[in-house]
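Everything on this sheet refers to the single structure shown next.
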Amino acid sequence: MSRTGTLPVRAATAADAAALFALSAPSMASGELRRRRVADYRAPRDRFLLVDGPAGPDGCVALRLLAPEPPAHPAPALLHNFCVRAGLRGAGLGSQLLDALLTEAGRHGVRTLVTASTGDGALFRRYGFEEIPAGLAPRAFAAELDPARGSRVYLRTFAD
């Protein structure tokens, strides 16, 4: 599979939940993503963004606003369920989704954005994220980490 050009990133709706679950299922099975249910893709606490493809979403990412923990994590948020269809990885779709998520985070006044990855985190580092010990992440996020997955935690701080 290949992609030419870019397609718009859009906000997901509840009607997209089953398709987002199907897109994410291979990554959940491999351990790249945490296991979720279809209902989790409809949860109002998460703002899913996606890029449509010919057979459903080709990629998605979610933003979850977290409760502030001043002064260490003012206006924190979580980036999660970052997923690109396997045949399209490396074609720039992940960067397109991350750009859109960072714009969305800025609209919501996010000052610190945290994520975890079982991969090498190269894309996150290119976007200004720094690897941190899990204990330095917002408590609401750190409490949900599964140490058995071997995830690395990354944090990006936004300028005021």
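Under our numbering, think of the first position of the sequence shown as -17, with each following residue one higher. Even for Gly, the Cβ is constructed at its ideal location relative to N, Cα and C.
Compute the beta-carbon to beta-carbon distance between residue i and residue j, rounded to the nearest angstrom, for a pair I have assumed lies under 8 Å.
i: A7; j: F30; result: Actually they are not in contact, since the Cβ atoms of A7 and F30 sit about 15 Å apart, beyond 8 Å.
i: R20; j: Q78; result: Checking the displayed sequence, the identity of residue 20 turns out to be Val instead of Arg. Actually they are not in contact, since the Cβ atoms of V20 and Q78 sit about 25 Å apart, beyond 8 Å.
i: G117; j: A125; result: So it is not a contact: roughly 11 Å between Cβ atoms.
i: A59; j: Y23; result: No, A59 and Y23 are not in contact; Cβ-Cβ is about 18 Å, not under 8 Å.
i: A1; j: G38; result: 4 Å
Helix, strand or coil for residue i, going by three-state DSSP, please let me know.
i: P58; result: strand
i: R71; result: coil
i: A(-7); result: strand
i: D128; result: coil
i: R17; result: coil
i: L45; result: strand
i: F140; result: coil
Is residue i near the ligand ZN, going by C-beta to nearest heavy atom under 6 Å?
i: A25; result: Looking for the ligand ZN in the displayed structure turns up nothing, as the structure carries no ligands at all.
Given a cut-off of 7 Å on the beta-carbon distance, is the pair residue i and residue j in contact?
i: L15; j: L61; result: no
i: A122; j: V135; result: no
i: A54; j: V92; result: no
i: L105; j: G76; result: yes
i: P137; j: I114; result: Position check: residue 137 holds Leu in this sequence, whereas Pro was assumed. Yes, the Cβ-Cβ distance between L137 and I114 is below 7 Å.
i: R67; j: D28; result: no
Exposed or buried, what is residue i when buried is set at 16 or more other beta-carbons lying within 10 Å of its beta-carbon?
i: G101; result: exposed
i: A44; result: buried
Exercise. Hey, which unbroken runs of the alpha helix (DSSP H) at 4 residues or more fall wholly within the stretch 84 to 120?
Worked result: 104 to 108
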